[in-house]
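Asker: Questions regarding the structure given below will be posed in turn.
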Amino acid sequence: MENLEELKKILSYPKEIVITSHRNPDGDAIGSTLAMYFYLQTLGHTVWMVIPSEYPDFLEWMPGIQDIIVYDIKQERSKELVERADVVFCLDFNALDRIDKLGEMLNQQTRAKIVMIDHHLDPEPFAHFVMSEPDASSTCEMIYDFLGLIGHLDKMDLTIAESIMTGILTDTGSFKYGTSPKLYRVVADLVEFGVNDYELQDLIFNSLKEKHLRLLGHCLNNRMEILEEYNTGIITLTKDDYVKFSISRGDTEGIVNHLLKVRNVKMAVFITEQPTIVKISLRSKGDFSVQEIAQKHFKGGGHRNASGGLSFQSLDDTVKKFKELLPRYQAALMNE
Ligand code: 5GP
Ligand code: MN
0 MENLEELKKI LSYPKEIVIT SHRNPDGDAI GSTLAMYFYL QTLGHTVWMV IPSEYPDFLE
60 WMPGIQDIIV YDIKQERSKE LVERADVVFC LDFNALDRID KLGEMLNQQT RAKIVMIDHH
120 LDPEPFAHFV MSEPDASSTC EMIYDFLGLI GHLDKMDLTI AESIMTGILT DTGSFKYGTS
180 PKLYRVVADL VEFGVNDYEL QDLIFNSLKE KHLRLLGHCL NNRMEILEEY NTGIITLTKD
240 DYVKFSISRG DTEGIVNHLL KVRNVKMAVF ITEQPTIVKI SLRSKGDFSV QEIAQKHFKG
300 GGHRNASGGL SFQSLDDTVK KFKELLPRYQ AALMNE
């Protein structure tokens with residue numbers, strides 16, 4: 000972060016601070032938000048967490064999560080807090096459209112200094128203070144780095160350490176993606192600090208309900224297509240599936256990753272029919288980048304190996320459009 004000294008100065012007096020993260024928050028969004036919430040409180044600031052949409056059930060056990068204010072549920076309160084904030088921390092996203100109406104407010108109605116800490120590619124220039132590390136495994140890993148940079152690793156407590164560990168575990172899929180020697184050093188520090196990684200893994204990953212496994216079975220048995228000539232796997236879900244399996248927010252998390260378990264599959268896509276849009280989740284292995292596909296063709300973005308986007312066409316037309324793109328990427332998908 001270039002102007003860290005200036006930020007340090009700002010944070011050296013009690014401030015009203017809002018922390019926000021992206022819509023449909025994942026473990027990294029919530030973990031980084033909570034870690035920052037508890038850290039900033041140790042400095043004596045008044046801190047609020049305001050996010051666009053609700054957090055998933057599998058994170059309900061996290062200390063502090065009930066203090067999060069959801070814009071979709073409390074619009075007036077959210078607006079008031081953003082308007083009067085001195086500082087707004089934007090965590091785990093780098094484009095204002097990822098936070099819906101809150102993004103418009105940050106653009107127009109706030110006098111706050113904006114701090115962005117994020118690991119996605121191509122940050123938009125909306126923040127006064129920017130920490131952008133596309134090579135970081137997670138925003139949570141960056142929160143640890145931020146505490147180091149600002150000279151406050153001594154402010155770490157077990158709750159902060161466990162919040163950070165949660166985002167690292169979820170964004171790396173338990174150390175399957177985005178790892179580095181440095182990440183393992185950070186994790187060693189967290190475990191040495193007292194984080195019970197076994198218990199956290201159990202809380203995070205073994206909390207499915209019966210309906211989740213039945214939905215996964217349906218996806219794999221009835222809705223999966225493997226296109227061998229493109230090393231690509233597709234799973235789709237219709238509006239009727241959403242009703243039949245009573246799918247709600249967060250219930251489809253992780254389904255797309257199963258496609259990458261098929262030998263040779265390099266790209267996985269999960270296409271779902273939502274009330275007003277069709278949502279696309281893309282994953283890939285190795286050097287093949289799904290970020291470009293999401294950005295160029297589906298109004299989205301993300302990381303090289305995990306991106307997302309949307310379409311305003313029907314489900315069938317979106318699948319057709321996706322398949323029609325594949326010949327362009329065939330060489331890259333089939334090499335090795
Ligand atoms: P998911 O497939 O889990 O919804 O999203 C995977 C990643 O893709 C997210 O971490 C985020 O970086 C990115 N992503 C998902 N949806 C969108 C979108 O609509 N716009 C942008 N810019 N990125 C997205
Ligand atoms: Mn993240």
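Numbered per numbering that gives the first Met the number 0, the sequence shown spans residues 0 to 335. Even for Gly, the Cβ is constructed at its ideal location relative to N, Cα and C.
#1: Quick one: grab the DSSP three-state call for Ser283.
#2: Going by alpha carbons, who is nearest to Gln108 out of Ile116, Glu82, Phe128, Asp99?
#3: Can you tell me whether His118 sits near ligand 1, meaning its C-beta is under 6 Å from at least one heavy atom of the ligand?
#4: So the candidates are Leu42, His44, Ala28, Met35; which of them puts its Cα closest to the Cα of Ser52?
#5: Is the closest heavy atom of ligand 2 to the C-beta of Ser137 under 6 Å?
#6: Rounding to the nearest angstrom, what Cα-Cα distance links Ala84 and Phe92 in this structure?
#7: Would you mind reading off the limits of the beta strand (DSSP E) that contains Thr178?
#8: What are the uninterrupted segments assigned as alpha helix (DSSP H) that are 4 or more residues long and contained completely in the region 38-124, given in chain order?
#9: Is the region 147-162 close to the region 43-52, with three or more CB pairs under 8 Å?
#10: Taking the beta strand (DSSP E) that Glu161 falls in, what are its first and last residues?
#11: Name the two residues that bound the continuous beta strand (DSSP E) containing Glu15.
#12: Exposed or buried, Phe311, counting other C-beta atoms within 10 Å across all chains shown (16 or more means buried)?
#13: Could you say which of Ser206, Gln290, Ile292 lies nearest to Trp60 if we only look at CA atoms?
#14: Comparing the CB of Ala267 with every heavy atom of ligand 1, is any distance shorter than 6 Å?
Answerer: Put simply:
#1: Here Ser283 sits in strand by DSSP.
#2: Nearest neighbour of Gln108 by Cα position, chosen from Ile116, Glu82, Phe128, Asp99, turns out to be Glu82.
#3: No, since every heavy atom of ligand 1 falls outside the 6 Å radius drawn around the Cβ of His118.
#4: The residue with the shortest Cα to Cα distance from Ser52 is Ala28.
#5: Ser137 Cβ: within cutoff of ligand 2.
#6: The alpha-carbon atoms of Ala84 and Phe92 are separated by roughly 19 Å.
#7: Unbroken run through Thr178: none, as it is neither H nor E.
#8: Here the runs fully enclosed are 74-83, 99-107.
#9: Short answer: they don't touch.
#10: Glu161: not part of any beta strand (DSSP E); member of the alpha helix (DSSP H) spanning 157-170, first to last residue.
#11: Counting along the chain, the unbroken beta strand (DSSP E) around Glu15 starts and ends at 15-20.
#12: Its Cβ having fewer than 16 others within 10 Å, Phe311 is exposed.
#13: Selected option, being the one with the closest Cα: Ser206.
#14: Residue side-chain check: Ala267 keeps its Cβ at 6 Å or more from all non-hydrogen atoms of ligand 1.
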